[in-house]
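Per the UniProt record's numbering, residue 1 is the first one in the sequence shown, and the count goes up by one each step.
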Amino acid sequence: MTVTDYSCCDFIEIFNNPEPLHEVNEKAVMLWESLVLSGEKLSATCGMDLHGNGSFSGHYATYIQGEKDGDVSQELADAIHTQKTWVCKGPLLEIHRENGMIHFTLYQTKKTGYTLALPEDYIITLKSGSATLTCHVHDRISVTEFGKDTIIIPKLYEKEVILENLVCVSPVIYL
1 MTVTDYSCCD
11 FIEIFNNPEP
21 LHEVNEKAVM
31 LWESLVLSGE
41 KLSATCGMDL
51 HGNGSFSGHY
61 ATYIQGEKDG
71 DVSQELADAI
81 HTQKTWVCKG
91 PLLEIHRENG
101 MIHFTLYQTK
111 KTGYTLALPE
121 DYIITLKSGS
131 ATLTCHVHDR
141 ISVTEFGKDT
151 IIIPKLYEKE
161 VILENLVCVS
171 PVIYL
């Protein structure tokens, strides 16, 4: 099956944990990035396909922001429809925009099997339609660095920018 009209889609599963990393998941990440950078409003999600009592250790999960006593179903629907999802297997990378600058915060998810590294061990990539900026957690980036690009995909890696070290895909930044 080939999808040619993504306007009726709300999200793409960029990781399915039991599937091979490069043969399946890498293609899904690349498709999602291409569609988002071309203007499609698609959230990133992941699947677990756990049929039974499996371990979540070392697997990606979809995260959303919610209230302690909130309606989780509604919060999930809202997060998906507004592209406010994180796909992570470690800490969440939160993006802040203030006074024309972008800066970052890491939040520990307490995900089973993941030990939080030192902030200097993380590398952030900010991918736009024309370039990929690489920076660190304590950096502040001017939005002018992106020129005319208005869509940015933030990702967090541990130690090296390779798919095996991808820790978190954060919500897309719209400038």
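All residues carry an ideal CB built from backbone N, CA and C; glycine is no exception.
No experiment lies behind these values; they were computed from the predicted model shown.
Within the same chain, show all residues whose beta-carbon is closer than 7 Å to that of residue i, passing over the 5 residues directly before and after it, in chain order.
| i | result |
| --- | --- |
| H103 | H96, R140 |
Pick out whichever of the options has its Cα sitting closest to the Cα of residue i.
| i | options | result |
| --- | --- | --- |
| T85 | F11, L175, L163 | F11 |
| N17 | S57, I123, S128 | S57 |
| Y174 | G66, S128, S73 | S128 |
If the criterion is Cβ atoms closer than 8 Å, does the pair residue i and residue j meet it?
| i | j | result |
| --- | --- | --- |
| V36 | I153 | yes |
| E158 | D121 | yes |
| T45 | E75 | no |
| I151 | V172 | yes |
| K89 | H136 | no |
| T134 | V167 | no |
| E40 | Y63 | no |
| residue 205 | T109 | The shown model of the chain, from 1 to 175, leaves out residue 205, and the question about it has no answer. |
Is the Cβ of residue i closer than 8 Å to any Cβ of chain E?
| i | result |
| --- | --- |
| D5 | No chain E is present in this structure, which holds just one protein chain. |
Can you name, in chain order, every residue of its own chain whose Cβ lies under 8 Å from the Cβ of residue i, other than the five neighbours on each side?
| i | result |
| --- | --- |
| W32 | I12, I14, L42, A44 |
| G100 | S142, V143, T144 |
For the putative contact between residue i and residue j, defined by C-beta atoms under 8 Å, what is the C-beta separation to the nearest angstrom?
| i | j | result |
| --- | --- | --- |
| L156 | E26 | The pair is not a contact, with the Cβ atoms about 17 Å apart (cut-off 8 Å). |
Checklist entry - Which residue spans inside the region 56–142 form an unbroken beta strand (DSSP E) run of at least 3? => result 61–63, 86–88, 92–98, 101–107, 122–127, 132–135
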